[in-house]
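**Student:** Below you will find the structure I want to go over with you.
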Amino acid sequence: MIKTSAKRLGLAALASLALASTALAADKPYAGLTLNLASQNDQFAAVIAKLAPQFEEKTGATVKVDILDYGSLLTKTQADFVGHTKNYDLITMDIVWAGQYADNGYTVDLTDWIKRDAAELQLDDIYPATIKYIGQYNGKQVAFPFAGYAAVMAYRKDLLDAAGIKVPETAEDFVAAAIKLTDPSKKIYGFVANGQKGAAVAQDWLQYNAQLGGSILSADGKPTLNSDANVASLKVYKELFDKAAPPGAVDYDWGGREESFRQGLVAMMETWSVGAPGYYDPNMSKIVDSVAITYTPVGKGLPVKYGLGGWGMGINADIDDKQKEASWAFIKWLTSPEVQKEFNMEGAGSYIRKSTLADPDLNKKYPFLPVIAKSFENADGDYRPRIPQYPEMQDLLGTAVNAVLVGGTDPKAALDEAQEKAAQLF
Amino acid sequence: MSSAASTLPASALPAVRRRRQTALQRRIMIERIALVAIILVYMIPVVWLVATAYKPPKDMFSSPPSFVFTPTLHNFQRVFEVFDVWSLLKSSIIISLGSAALSLLLGVPAGYALARSQSRYAIWVAYFFLAIRTVPIIATLIPFYLMMRDIGLLGTWWAVILINTTLNCAFVTWMMFSYFRSLPRDMEEAALTDGCTQWGAFIRVALPTVVPGIIASTLFCVMFSWNDFLVAMFLTNLDSKPLSVALLAAFGTKDITWGTLGALAHFSTVPIMLMALFMNRYFVQGLTKGVH
Amino acid sequence: MTSLASGSVSIPQRRRSGLGFRDRRRFFLIALAVPAVAYIVLIALYPLVQGIWYSFFDYRLLKNGGRMTFIGLDNYVQLFTDNTGRRAIINTFVFTIGAVFFEFVLGLGLALLLWRDGRFNRICLAFLLIPVTITPLVVGLIFRALLAVDYGYIGYYLAEWGITSPRGLFAGTATALPTLIFIDIWEWTPLVALILLAGLKSLPGDILEAALADGATSWQRFKLVILPLLLPTVFLALVLRMMDAFRVFDSIFVTTGGGPADATTSLMVYGVKQGLQFFNIGYASAISNVTILCIGLMAAAFTLMIRRADVKANEQ
Numbered sequence: 001m002i003k004t005s006a007k008r009l010g011l012a013a014l015a016s017l018a019l020a021s022t023a024l025a026a027d028k029p030y031a032g033l034t035l036n037l038a039s040q041n042d043q044f045a046a047v048i049a050k051l052a053p054q055f056e057e058k059t060g061a062t063v064k065v066d067i068l069d070y071g072s073l074l075t076k077t078q079a080d081f082v083g084h085t086k087n088y089d090l091i092t093m094d095i096v097w098a099g100q101y102a103d104n105g106y107t108v109d110l111t112d113w114i115k116r117d118a119a120e121l122q123l124d125d126i127y128p129a130t131i132k133y134i135g136q137y138n139g140k141q142v143a144f145p146f147a148g149y150a151a152v153m154a155y156r157k158d159l160l161d162a163a164g165i166k167v168p169e170t171a172e173d174f175v176a177a178a179i180k181l182t183d184p185s186k187k188i189y190g191f192v193a194n195g196q197k198g199a200a201v202a203q204d205w206l207q208y209n210a211q212l213g214g215s216i217l218s219a220d221g222k223p224t225l226n227s228d229a230n231v232a233s234l235k236v237y238k239e240l241f242d243k244a245a246p247p248g249a250v251d252y253d254w255g256g257r258e259e260s261f262r263q264g265l266v267a268m269m270e271t272w273s274v275g276a277p278g279y280y281d282p283n284m285s286k287i288v289d290s291v292a293i294t295y296t297p298v299g300k301g302l303p304v305k306y307g308l309g310g311w312g313m314g315i316n317a318d319i320d321d322k323q324k325e326a327s328w329a330f331i332k333w334l335t336s337p338e339v340q341k342e343f344n345m346e347g348a349g350s351y352i353r354k355s356t357l358a359d360p361d362l363n364k365k366y367p368f369l370p371v372i373a374k375s376f377e378n379a380d381g382d383y384r385p386r387i388p389q390y391p392e393m394q395d396l397l398g399t400a401v402n403a404v405l406v407g408g409t410d411p412k413a414a415l416d417e418a419q420e421k422a423a424q425l426f
Numbered sequence: 001m002s003s004a005a006s007t008l009p010a011s012a013l014p015a016v017r018r019r020r021q022t023a024l025q026r027r028i029m030i031e032r033i034a035l036v037a038i039i040l041v042y043m044i045p046v047v048w049l050v051a052t053a054y055k056p057p058k059d060m061f062s063s064p065p066s067f068v069f070t071p072t073l074h075n076f077q078r079v080f081e082v083f084d085v086w087s088l089l090k091s092s093i094i095i096s097l098g099s100a101a102l103s104l105l106l107g108v109p110a111g112y113a114l115a116r117s118q119s120r121y122a123i124w125v126a127y128f129f130l131a132i133r134t135v136p137i138i139a140t141l142i143p144f145y146l147m148m149r150d151i152g153l154l155g156t157w158w159a160v161i162l163i164n165t166t167l168n169c170a171f172v173t174w175m176m177f178s179y180f181r182s183l184p185r186d187m188e189e190a191a192l193t194d195g196c197t198q199w200g201a202f203i204r205v206a207l208p209t210v211v212p213g214i215i216a217s218t219l220f221c222v223m224f225s226w227n228d229f230l231v232a233m234f235l236t237n238l239d240s241k242p243l244s245v246a247l248l249a250a251f252g253t254k255d256i257t258w259g260t261l262g263a264l265a266h267f268s269t270v271p272i273m274l275m276a277l278f279m280n281r282y283f284v285q286g287l288t289k290g291v292h
Numbered sequence: 001m002t003s004l005a006s007g008s009v010s011i012p013q014r015r016r017s018g019l020g021f022r023d024r025r026r027f028f029l030i031a032l033a034v035p036a037v038a039y040i041v042l043i044a045l046y047p048l049v050q051g052i053w054y055s056f057f058d059y060r061l062l063k064n065g066g067r068m069t070f071i072g073l074d075n076y077v078q079l080f081t082d083n084t085g086r087r088a089i090i091n092t093f094v095f096t097i098g099a100v101f102f103e104f105v106l107g108l109g110l111a112l113l114l115w116r117d118g119r120f121n122r123i124c125l126a127f128l129l130i131p132v133t134i135t136p137l138v139v140g141l142i143f144r145a146l147l148a149v150d151y152g153y154i155g156y157y158l159a160e161w162g163i164t165s166p167r168g169l170f171a172g173t174a175t176a177l178p179t180l181i182f183i184d185i186w187e188w189t190p191l192v193a194l195i196l197l198a199g200l201k202s203l204p205g206d207i208l209e210a211a212l213a214d215g216a217t218s219w220q221r222f223k224l225v226i227l228p229l230l231l232p233t234v235f236l237a238l239v240l241r242m243m244d245a246f247r248v249f250d251s252i253f254v255t256t257g258g259g260p261a262d263a264t265t266s267l268m269v270y271g272v273k274q275g276l277q278f279f280n281i282g283y284a285s286a287i288s289n290v291t292i293l294c295i296g297l298m299a300a301a302f303t304l305m306i307r308r309a310d311v312k313a314n315e316q
């Protein structure tokens, strides 16, 4: 008697469990799925990892975030694509990889999905420049932006005031001010930028090169590494390193550059907006009270443009449809206004939405958001050409510019050699 | 000793001996001071690595460098937030022990066979094994990657174990070859004539005499696999990646975080350091015969 | 010759037990060696041969859909005519010779200091093993931090006191490679010392005592008795270190990335960039084949010397 009732009870429990699980499935369309995300070790990585359980709660899909350094990320994802090994479902894509992704079809073309889900995405709220540059190439959308960075200028109010210098608005004024502000005996330097061989120095020089009117591609898409304007701007860059940068700067990468600014060695620095929260963080920074953020200088007579960089999220083209669908759901979730706000409240420093940049809570925490907003409205994401050959060109420039900075090599000769090698890539 | 003493008159003997003894003592003293000095120089980077893990981020970069700081566990907190340290540690242990075990399993018998072989080609086979250890990993990594994909082992511990074992097993074979060769074969031959099987002579007679060599080989293999980063970076995924791969991510590209690096390095360095400290006696013993 | 002789000896035995003792012994030994040989051939040799094949092709995984075009020796020609390639070859040799030379000299000194057996020396030895156990990647990063001119405990003062240029050791084209050699010496001298110490401890005691009894000075004893006996160990230490130093990657990768300019680009750094960053498989294979060839030549020279020293030691 007791036995049968126990059995019946068990059956009932089982039935209700089955019911619950079907209800769950409707609720959580991707229950049981696992999405592997390869993420660059930028500020957003730890935040994504922290917020991912919310996505699981909502949809049932577990998101595992593999945090990698830039070199490992590039190597591992490329190997995953060319070997069709499906290690990763979601991949953070640097803005400059777009050409390679599009040419080789590594990731899903999101164009139609974006069109279909335009209302859900609230596309009007997203800066068009971020969508255009971070992921759009040759009519394909190989990634969806989730972390837009604006090139901004960080400077020290106290040092500029003391020297009676106005915040420079043109590239030419910037150079003059940087040299004037430098006083090695007091360990104060006017300027800092990346000098280390490789991507570090190449990317920073390209930014100054664009501001000084140079370009490494001609209008018809051929490399022009050794153009007169480029040689001239490289001479200026070297002059800045010789006369206005901390001596160690020839060996700085992004980390070293940011650190020298946070430690108060430097008066002015062009940088990505993502680093800005760090200057206001008393745990890391010694310049909390004197720092200010403004627009990057623009070359005299050149159109007003501000550098755009950042990361998009791509979906591996090799994975099966259900995984792709879940991945797209994750991208939509990550870029939704609510999550973007929380994402940035947690310190991701990554913006794509007008509403996020206008959010009062965020503005209270980070006073420099209007600068990013205006920069995004006049953004140029092509000063580093996003062509398939870019990674190799960047490598050639990384060696050439570094060789000039450490002395010994003539700017023209260095760029001539790089040009010769670059020409072979086309 | 005796020849020096015999040229001197008997009455001078105690004085000479005393003088020689003080000279010896002085020499030992100088040697010890030199050793301590060398060790101190050697410990500076190690102390820095340990100390940096407890340093607050702000003090890390002060210029001029600051020597005083309030220790904090913030870096460890951060490491545990970003990384699954225990999973990394587990992968490191499995990969290095797995590769060591497989290398010994293959290498020790091969070393024995080559040492006991009468063939004059044996020595050349042994040198072939040594030569294999010189192969730069980039040569084999991409073909190996595709091979692992095809047999479905990519992203597993096995992939790393298998490729590390090529170099480790080559090294073990060579080292055990030298070790076995330095030992007399009388005992095995006696055992064989007494009716012991071939297998028995190898396992029960020859093997017990080379235990120090096996321990030294194990240490070499474990150290090699534990510290390797390029291969593991390429072949593992999130669930199978070892500490060595995470170290670079802990250091960061755009934000130098010496503190988290130092904290994670605690986990990557301490186990292997302890192992080396406790086993260092066997290390020397094992090498003593394995180096000829 | 030997196989013929052994064959004729075992004929009567074979009649009795099917297989003669020597044949059985030989089969047993071959059976023991086969797994290792097969493993190496399958997992190391097969990709290696593939690498040699690839090196004659223009084979880029990220271009032309990964198509292979036969180009003969062009990859090798490129390596030897390209500025970076030539620099990498020279740098690798300079690094290897510099590092191994000093590691040997200092390691030998250290081994002699540690030779006297005792508790004190054993503890010292344990301490000296610590650097050997630290991940090379971390060692590179430690020195990068210590030598930084802005905040490094060593680099700051070296620059401040004018001992180095204000830009620091890693930023100078003339100082970067020696600095990396120094790091290698720091990490690996104890290992060389350990191997040499093991060699010293295996020296026959009676010969040493005899030398002492002959009234030889320490230097004579070292030069005439110890060093010749130690030769096989010396060569082992040199070969092992040479092989690893020639493939230096980790410490360069995390400190200078091959810079400034190409001053510290080694063959491995160059090869990994071409192979694992640009997936230029043909060229990367050529680079690694040249690396193998260089190590092979150096190792062959060493091996011949070991053999000679070995024969000599056996004659005594």
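Protein chains in written order, with the UniProt record's numbering: chain A, 1 to 426; chain B, 1 to 292; chain C, 1 to 316. Beta carbons: idealized from backbone N, C-alpha and C, even for Gly.
What is the rounded straight-line gap between the Cα of residue 397(A) and the Cα of residue 96(A)?
**Tutor:** Each residue's Cα considered, the two are about 15 Å apart.
**Student:** Can you round the beta-carbon distance between residue 246(A) and residue 189(A) to whole angstroms, since I take them to be within the 8 Å contact cut?
**Tutor:** Yes, they are in contact, since the Cβ atoms of residue 246(A) and residue 189(A) sit about 5 Å apart, within 8 Å.
**Student:** Check whether chain C comes within 8 Å of residue 288(B), counting only Cβ atoms and requiring the distance to be less than that.
**Tutor:** Yes - at least one Cβ of chain C is within 8 Å of the one on residue 288(B).
**Student:** Does residue 304(B) get closer than 8 Å to chain C when you measure Cβ to Cβ?
**Tutor:** Look at the range of chain B in this structure, 1 to 292, and you will see that residue 304(B) is not part of it.
**Student:** Rounded to a whole number of angstroms, what is the C-alpha to C-alpha distance between residue 221(C) and residue 199(C)?
**Tutor:** When rounded, the distance between both Cα atoms is 16 Å.
**Student:** Please report the Cβ distance between residue 238(C) and residue 302(C), rounded to the nearest whole angstrom; I am assuming they are in contact, meaning their Cβ atoms lie under 8 Å.
**Tutor:** Confirmed, Cβ separation roughly 6 Å.
**Student:** Whose C-beta lies closer than 6 Å to the C-beta of residue 349(A) among residues of the same chain, with five residues either side of it excluded?
**Tutor:** These residues qualify, in order along the chain: 43, 274 and 277.
**Student:** Give the straight-line distance between the Cα atoms of residue 23(A) and residue 343(A), rounded to the nearest whole angstrom.
**Tutor:** Note that residue 23(A) scores a pLDDT of 47, beneath 50, so its modelled location is shaky; the value from the coordinates is reported in the next line. If you take the alpha carbons of residue 23(A) and residue 343(A), they lie about 30 Å apart.
**Student:** Please classify residue 26(B) as buried or exposed, where buried requires at least 16 neighbouring CB atoms within 10 angstroms.
**Tutor:** By the 10 Å Cβ count, residue 26(B) comes out exposed.
**Student:** Give a yes or no on whether the C-beta atoms belonging to residue 442(A) and residue 290(A) are separated by under 8 Å.
**Tutor:** This structure cannot speak to residue 442(A), because chain A is shown only from 1 to 426.
**Student:** Smallest Cα separation from residue 308(A): which of 295(A), 315(A) and 238(A)?
**Tutor:** The candidate whose alpha carbon is nearest that of residue 308(A) is 295(A).
**Student:** Name, please, each residue of chain B whose Cβ falls closer than 7 Å to the Cβ of residue 63(C).
**Tutor:** Neighbours of residue 63(C) on chain B: none; closest Cβ ~15 Å, over 7 Å.
**Student:** Could you pull the DSSP bridge partners for residue 351(A) from this structure?
**Tutor:** DSSP, once it has assigned bridges, lists 148(A) as partnering residue 351(A).
**Student:** What number of angstroms, rounded off, separates the C-alpha of residue 233(B) from the C-alpha of residue 268(B)?
**Tutor:** Approximately 15 Å, taken between the alpha carbons.
**Student:** Applying the criterion that 16 or more other CB atoms from any shown protein chain within 10 Å of the CB defines a buried residue, is residue 54(C) buried or exposed?
**Tutor:** Buried, since its Cβ has 16 or more Cβ neighbours within 10 Å.
**Student:** Is DSSP giving residue 154(A) helix, strand or coil here?
**Tutor:** Here residue 154(A) sits in strand by DSSP.
**Student:** According to DSSP, which residues form a beta bridge with residue 317(C)?
**Tutor:** The structure shown does not extend to residue 317(C), since chain C spans only 1 to 316, so no value can be given for it.
**Student:** For residue 37(A), which beta-bridge partners are listed by DSSP?
**Tutor:** 65(A) and 90(A).
**Student:** Are the C-beta of residue 150(C) and some C-beta of chain A separated by less than 8 Å?
**Tutor:** Closer than 8 Å: yes.
**Student:** When you compare only the Cα positions, how much space is there between residue 38(C) and residue 31(C)?
**Tutor:** Cα-Cα distance, rounded: 11 Å.
**Student:** Decide yes or no for the touch test of the stretch 103-120 of chain C against the stretch 188-206 of chain C: beta carbon pairs closer than 8 Å, at least 3 of them.
**Tutor:** Contact between the stretch 103-120 of chain C and the stretch 188-206 of chain C is present, because at least three Cβ pairs lie under 8 Å.
**Student:** Given 8 Å as the limit, is there contact between the stretch 72-85 of chain A and the stretch 44-55 of chain A, that is, 3 or more CB pairs closer than that?
**Tutor:** Output reads no: the stretch 44-55 of chain A does not touch the stretch 72-85 of chain A.
**Student:** Skipping 5 residues on each side, what residues in its chain have a beta carbon closer than 6 Å to that of residue 85(C)?
**Tutor:** If we look at residue 85(C) and ignore the five residues flanking it on each side, its Cβ neighbours are 79.
**Student:** Give the interface partners of residue 76(C) over in chain B, defined as CB-CB distance under 7 Å, in chain order.
**Tutor:** Within 7 Å Cβ-Cβ: nothing; residue 76(C) doesn't reach chain B, min ~14 Å.
**Student:** Contact check, residue 263(C) vs residue 176(C) under 8 Å by CB: the rounded distance?
**Tutor:** Going by Cβ atoms, the distance from residue 263(C) to residue 176(C) rounds to 5 Å, so yes, they are a contact pair.
**Student:** What does the alpha-carbon distance come out to for the pair residue 331(A) and residue 44(B)?
**Tutor:** Those two C-alpha atoms are separated by around 47 Å.
**Student:** Between residue 135(C) and chain A, is there a C-beta pair that is closer than 8 Å?
**Tutor:** Closer than 8 Å: no.
**Student:** Locate the beta strand (DSSP E) running through residue 270(A), then write down its first and last residues.
**Tutor:** Its beta strand (DSSP E) spans residues 266-272.
**Student:** Please return the same chain residues whose Cβ sits closer than 8 Å to the Cβ of residue 35(A), not counting the five positions on each side in sequence.
**Tutor:** Result list for residue 35(A): 61, 62, 63, 64, 89, 90, 323, 326, 327 and 330, in chain order.
**Student:** For the beta strand (DSSP E) containing residue 69(C), name the first residue and the last one.
**Tutor:** Where residue 69(C) is concerned, the enclosing beta strand (DSSP E) stretches over 68-70.
**Student:** Nearest chain A C-beta to residue 249(B) closer than 8 Å, yes or no?
**Tutor:** With 8 Å as the cut-off, residue 249(B) counts as an interface residue toward chain A.
**Student:** Using the DSSP secondary-structure output, state which residues sit across from residue 223(A) in a beta bridge.
**Tutor:** Note: residue 223(A) sits in a beta bridge opposite 217(A).
**Student:** Helix, strand or coil for residue 183(B), going by three-state DSSP, please let me know.
**Tutor:** Of the three classes helix, strand and coil, the one that applies to residue 183(B) here is coil, per DSSP.
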